[in-house]
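Colleague:
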Amino acid sequence: MTNLSQSKPADRSAAVCVIGAGPGGLSAARALKMQGLDYDQFERHSDLGGLWDTTNPGSPVYASTHFISSRDLSGFIGYPMPRDYPDYPSHRQILAYLRSFADAFGLREKIQFNTGVQRIRKDSASRWVVELADGTHRLYGAVVCATGVNWDPSMPSFEGAFQGEVRHAATFKHGDEFRGRRVLVVGAGNSGADIACEAAAHAQRAFISVRRGYHFIPKHLMGVPVDQIAETGPHLPMWLARPLFSGLLRLVQGDLTRLGLPKPDHRLFESHPLLNSQLLHHLQHGNIAVKPDIARLDGGHVVFKDGSREEIDLVLCATGYRWSCSYATEFFTWTAGRPQMYLSMFNRSHRNLFGIGYLETNSSAYKLFDTQAHMIACYLKAQQAAPESAQRFDDAIRKDEPDLSGGIRFVQSPRHAVYIDAHAFKAYLRKLRRRMGWGELSETMYDALRVKASPVRHSGRNGLAAAPQPGEVAHG
Numbered sequence: 007m008t009n010l011s012q013s014k015p016a017d018r019s020a021a022v023c024v025i026g027a028g029p030g031g032l033s034a035a036r037a038l039k040m041q042g043l044d045y046d047q048f049e050r051h052s053d054l055g056g057l058w059d060t061t062n063p064g065s066p067v068y069a070s071t072h073f074i075s076s077r078d079l080s081g082f083i084g085y086p087m088p089r090d091y092p093d094y095p096s097h098r099q100i101l102a103y104l105r106s107f108a109d110a111f112g113l114r115e116k117i118q119f120n121t122g123v124q125r126i127r128k129d130s131a132s133r134w135v136v137e138l139a140d141g142t143h144r145l146y147g148a149v150v151c152a153t154g155v156n157w158d159p160s161m162p163s164f165e166g167a168f169q170g171e172v173r174h175a176a177t178f179k180h181g182d183e184f185r186g187r188r189v190l191v192v193g194a195g196n197s198g199a200d201i202a203c204e205a206a207a208h209a210q211r212a213f214i215s216v217r218r219g220y221h222f223i224p225k226h227l228m229g230v231p232v233d234q235i236a237e238t239g240p241h242l243p244m245w246l247a248r249p250l251f252s253g254l255l256r257l258v259q260g261d262l263t264r265l266g267l268p269k270p271d272h273r274l275f276e277s278h279p280l281l282n283s284q285l286l287h288h289l290q291h292g293n294i295a296v297k298p299d300i301a302r303l304d305g306g307h308v309v310f311k312d313g314s315r316e317e318i319d320l321v322l323c324a325t326g327y328r329w330s331c332s333y334a335t336e337f338f339t340w341t342a343g344r345p346q347m348y349l350s351m352f353n354r355s356h357r358n359l360f361g362i363g364y365l366e367t368n369s370s371a372y373k374l375f376d377t378q379a380h381m382i383a384c385y386l387k388a389q390q391a392a393p394e395s396a397q398r399f400d401d402a403i404r405k406d407e408p409d410l411s412g413g414i415r416f417v418q419s420p421r422h423a424v425y426i427d428a429h430a431f432k433a434y435l436r437k438l439r440r441r442m443g444w445g446e447l448s449e450t451m452y453d454a455l456r457v458k459a460s461p462v463r464h465s466g467r468n469g470l471a472a473a474p475q476p477g478e479v480a481h482g
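Start counting the sequence shown at 7; every next residue gets the next number (this note's numbering).
#1: In the DSSP assignment, find the alpha helix (DSSP H) that holds residue 399 and state where it starts and stops.
#2: With burial defined as no fewer than 16 other Cβ atoms inside 10 Å of the residue's Cβ, what is the status of residue 381: buried or exposed?
#3: With a CB to CB cut of under 7 Å and the five nearest residues on each side skipped, what residues in its chain are close to residue 271?
#4: With residue 74 as the anchor, note down where its alpha helix (DSSP H) starts and where it stops.
#5: Would you list, in sequence order, the uninterrupted beta strand (DSSP E) runs of no fewer than 3 residues that lie entirely inside the stretch 130-207?
#6: For a test of the three-state rule: what should DSSP assign to residue 48, helix, strand or coil?
#7: So, is residue 183 buried or exposed, given that buried needs 16 or more other C-beta atoms within 10 angstroms?
#8: Is residue 329 helix, strand or coil by DSSP?
#9: Assign residue 96 to one of three DSSP states: helix, strand, or coil.
#10: Measuring alpha carbon to alpha carbon, tell me which residue in 85, 238 and 211 is nearest residue 316.
#11: With residue 359 as the anchor, note down where its beta strand (DSSP E) starts and where it stops.
#12: Under DSSP, the beta strand (DSSP E) around residue 37 begins and ends at which residues?
#13: Which term fits residue 101, buried or exposed, when burial requires 16 or more other beta carbons within 10 angstroms of its beta carbon?
#14: To which residues of the same chain is residue 79 closer than 7 Å at the C-beta, ignoring the five residues directly before and after it?
#15: Considering only residues of the stretch 216-302, which uninterrupted alpha helix (DSSP H) runs meet the minimum length of 4 residues and lie entirely inside it, listed in chain order?
#16: Would you be able to state if there are at least three C-beta pairs under 8 Å between the stretch 14-31 and the stretch 44-55?
#17: In the DSSP assignment, what residue or residues form a beta bridge with residue 320?
#18: Which residues in the same chain as residue 172 place their Cβ atom closer than 6 Å to its Cβ, once the five residues preceding and following it in sequence are excluded?
#19: With residue 21 as the anchor, note down where its beta strand (DSSP E) starts and where it stops.
#20: Rounded to the nearest angstrom, what separates residue 449 and residue 314 at their Cα positions?
#21: Counting C-beta neighbours from all protein chains within 10 Å, is the total for residue 137 16 or more, i.e. buried, or is it exposed?
#22: Please report the distance separating the alpha-carbon of residue 295 from that of residue 192.
#23: Taking the continuous beta strand (DSSP E) assigned at residue 128, which residues delimit it?
#24: From what residue to what residue does the beta strand (DSSP E) around residue 310 run?
#25: Report the three-state DSSP secondary structure of residue 118 (helix, strand or coil).
#26: Which residues does DSSP list as the beta-bridge partners of residue 340?
#27: Since residue 204 and residue 181 should fall inside the 8 Å C-beta cutoff, what is the C-beta to C-beta distance between them, to a whole number of angstroms?
#28: Which of the three DSSP states is assigned to residue 108 in this structure?
#29: Just verifying my parser: in three-state terms, what is the DSSP assignment at residue 7?
#30: Less than 8 Å between the C-beta atoms of residue 37 and residue 379, yes or no?
#31: Would the stretch 145-155 count as touching the stretch 303-313 if we require 3 or more Cβ pairs under 8 Å?
#32: Would you say residue 213 and residue 297 are within 8 Å of each other, going by their C-beta atoms?
#33: Hey, how far is the Cα of residue 71 from the Cα of residue 339?
#34: Am I right that residue 457 and residue 107 are in contact with their C-beta atoms under 8 Å? What's the rounded C-beta distance?
#35: Mind checking whether residue 158 and residue 145 have CB atoms under 8 Å apart?
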């Protein structure tokens with residue numbers, strides 16, 4: 007019998023390999039299709055949707071998960087979310103939307119499901135050899151990594167011994183897990199704040215351990231999603247926007263240190279926004295208490311750095327994820343656990359190796375994914391049809407060092423090592439597209455690709471979206 011791992015790679019060097027069929031991978035597939043570029047797309051799971059499919063092993067989504075950006079700003083370009091979705095859709099609705107999007111643009115047919123990528127390497131001609139999980143190899147001219155950054159839990163270590171349970175928030179699925187228990191949630195990012203609210207509602211006693219102070223931004227102001235106000239309102243200079251919005255928050259929320267929260271050690275907008283109103287509600291009603299960093303574990307207790315101690319049954323660590331890319335780690339330069347790429351998508355050292363979604367930003371994700379995908383597809387098309395343009399962009403990949411901060415001095419933390427201001431990012435990409443002659447983005451640019459309307463079958467009881475695919479399991 008032939009050893010598959012030693013067999014000659016199937017030659018697909020004129021095509022692009024897209025790894026992952028979550029939101030970023032779907033953006034990439036649509037952009038490549040629009041440019042008439044051949045591609046293969048691999049998805050290790052049995053269906054598309056990435057982490058939004060709770061049957062996907064390792065998905066960090068829990069029962070009460072909702073989108074952190076609002077409905078009208080969160081859809082793909084030219085494919086808005088249904089108007090009967092709520093302001094902040096549930097994970098079920100997001101999954102239904104993603105699958106409807108794939109069907110509308112005929113993307114599903116090209117996805118090879120149950121097909122993981124084991125590793126990639128370069129051959130002697132600098133083409134990409136992609137090894138699949140079954141041991142077979144394929145040869146590609148380009149690789150797009152779109153496997154996401156929320157799969158590899160970052161777990162802290164604590165001094166001391168503990169009689170209770172310590173686990174990562176990636177394992178959390180439902181608030182019922184907290185019933186009758188004394189729960190400590192570690193970390194106050196958006197997921198940590200949301201899970202802390204579940205603990206406040208379900209646990210016998212609930213605490214949240216925070217390392218630093220945060221600026222809490224409500225999801226609505228005057229009944230309007232706050233990101234819509236930021237996007238559609240006047241774009242004020244930072245020297246004016248920061249004091250105005252800070253004053254508005256003080257007017258609405260008051261001094262949050264009265265609730266036990268530390269005073270922020272940074273100015274508004276200098277860290278990833280914490281959009282949450284419920285945690286403040288639970289703090290105001292005594293359903294949860296704030297604690298500082300953990301000093302050590304001590305039997306059935308947790309001792310904190312201020313010397314206080316609490317009896318705890320479960321320590322749940324909402325401490326984020328490592329941005330690992332196991333099949334291609336060696337081909338990226340990593341700083342503070344983040345891959346360093348030109349415009350957060352073009353590998354500077356290895357031609358035609360790209361990433362989508364490897365960035366942190368103060369904006370909704372899917373339109374940014376579309377923007378990244380369009381740039382990548384235009385660059386690959388230029389290699390075929392406009393080599394002079396591609397060469398100019400090669401020079402930019404090697405030498406260009408744009409400031410994408412938008413004038414904001416982000417806090418010095420691993421999370422902000424690749425943080426960009428969305429407005430600065432989009433403005434710079436617009437300038438690059440014009441310089442390269444790659445065309446502008448518009449809401450109608452993908453209309454010609456539509457194969458059917460494929461509307462999302464919308465809300466049933468409790469506003470949960472019915473899935474668009476026959477036989478799909480609904481997740482409770």
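C-beta: ideal position from N, C-alpha, C; glycine also. As the structure is a prediction and not an experimental result, all values here were calculated from the model.
Modeller: Short version:
#1: Residue numbering aside, residue 399 sits at position 393 when the sequence shown is read from its first letter. Residues 393-405.
#2: Position 375 of the sequence shown, counted from the start, is the residue given in the question as residue 381. When all chains shown are included, residue 381 counts as buried.
#3: Here residue 271 corresponds to residue number 265 of the sequence shown, with the count starting at 1. Counting only Cβ-Cβ distances below 7 Å, and skipping sequence neighbours, we find 218 and 219.
#4: The count along the sequence shown starts at 1 and reaches residue 74 at position 68. Careful: residue 74 lies outside any alpha helix (DSSP H) and carries neither H nor E.
#5: Entirely contained in the stretch 130-207, the beta strand (DSSP E) runs reaching 3 residues are, in chain order, 134-138, 143-151, 166-168, 171-174 and 188-192.
#6: Numbered from 1 along the sequence shown, position 42 holds the residue referred to as residue 48. Secondary structure at residue 48: strand, using DSSP grouped into helix, strand and coil.
#7: Here residue 183 refers to the residue found at position 177 of the sequence shown. Classification for residue 183: buried.
#8: Residue 329 sits at position 323 when you count from the first residue of the sequence shown. Three-state DSSP puts residue 329 in coil, outside helix and strand.
#9: Position 90 of the sequence shown, counted from the first residue, corresponds to residue 96. DSSP, read as helix, strand or coil, puts residue 96 in strand.
#10: The residue given as residue 316 occupies position 310 in the sequence shown. The shortest CA-to-CA distance from residue 316 to any of 85, 238 and 211 is the one to 211.
#11: Within the sequence shown, the letter at position 353 stands for residue 359. Segment 359-361, the beta strand (DSSP E) holding residue 359.
#12: The residue labelled residue 37 in the question sits at position 31 within the sequence shown. Following the DSSP letters along the chain, one finds residue 37 in no beta strand (DSSP E) but inside the alpha helix (DSSP H) bounded by residues 29-40.
#13: On the sequence shown, residue 101 is found 95 positions in, with the first residue counted as 1. It is buried - the Cβ of residue 101 has at least 16 other Cβ atoms within 10 Å.
#14: Taking the first residue of the sequence shown as 1, we reach residue 79 at position 73. Listed in chain order, the non-local C-beta contacts of residue 79 below 7 Å within the same chain comprise 233, 234, 237 and 370, local neighbours out to five positions each way being set aside.
#15: Complete alpha helix (DSSP H) runs here, min 4: 232-238, 244-259 and 284-290.
#16: Short answer: they touch.
#17: The residue you call residue 320 lines up with position 314 of the sequence shown. When beta bridges are read from the DSSP output, residue 320 appears opposite 171 and 189.
#18: To locate residue 172, count along the sequence shown from 1; it is residue 166. Result list for residue 172: 321, in chain order.
#19: Residue mapping note: residue 21 aligns to position 15 of the sequence shown, counting from 1. Residue 21 -> beta strand (DSSP E) spans 16-25.
#20: As a first step, residue 449 must be located in the sequence shown, where it is residue number 443. As a first step, residue 314 must be located in the sequence shown, where it is residue number 308. In a straight line, the C-alpha of residue 449 is about 55 Å away from that of residue 314.
#21: Mapped onto the sequence shown, residue 137 falls at position 131. Per the 10 Å Cβ criterion, buried.
#22: As a position in the sequence shown, residue 295 is number 289, starting the count at 1. As a position in the sequence shown, residue 192 is number 186, starting the count at 1. Cα to Cα, the separation comes out at about 12 Å.
#23: Taking the sequence shown and counting its residues from 1, one reaches residue 128 at position 122. For residue 128, the enclosing beta strand (DSSP E) covers residues 123-128.
#24: Counting from 1 along the sequence shown, the entry for residue 310 is found at position 304. Run containing residue 310: 307-310, per the beta strand (DSSP E) assignment.
#25: For the purposes of this step, residue 118 is taken as residue 112 along the sequence shown, with counting starting at 1. Residue 118 falls in the strand class under three-state DSSP.
#26: As a working note, residue 340 is residue 334 in the sequence shown. Partner residues in the beta bridge of residue 340, as assigned by DSSP, are 345.
#27: As a working mapping, residue 204 is identified with position 198 in the sequence shown. As a working mapping, residue 181 is identified with position 175 in the sequence shown. Sure, about 4 Å apart at Cβ, within 8 Å.
#28: Counted from its first residue, the sequence shown places residue 108 at position 102. Residue state, collapsed to three classes: helix.
#29: Working through the sequence shown from its first residue, we reach residue 7 at position 1. Per-residue confidence for residue 7 stands at a pLDDT of 37, beneath the threshold of 50, marking its modelled position as unreliable; no derived number is given.
#30: On the sequence shown, residue 37 is found 31 positions in, with the first residue counted as 1. On the sequence shown, residue 379 is found 373 positions in, with the first residue counted as 1. Result yes, Cβ atoms of residue 37 and residue 379 sit closer than 8 Å.
#31: With fewer than three CB-CB distances shorter than 8 Å, the stretch 145-155 does not count as touching the stretch 303-313.
#32: Locating residue 213 in the sequence shown gives position 207, counting from the first residue. Locating residue 297 in the sequence shown gives position 291, counting from the first residue. Cβ atoms of residue 213 and residue 297: closer than 8 Å.
#33: As a first step, residue 71 must be located in the sequence shown, where it is residue number 65. As a first step, residue 339 must be located in the sequence shown, where it is residue number 333. Computed Cα separation, rounded: 33 Å.
#34: Along the sequence shown, read from residue 1 onward, the residue named residue 457 stands at position 451. Along the sequence shown, read from residue 1 onward, the residue named residue 107 stands at position 101. About 12 Å; that fails the 8 Å criterion.
#35: Reading the sequence shown from its first residue, position 152 is the one you call residue 158. Reading the sequence shown from its first residue, position 139 is the one you call residue 145. Not a contact, by the Cβ cut-off of 8 Å.
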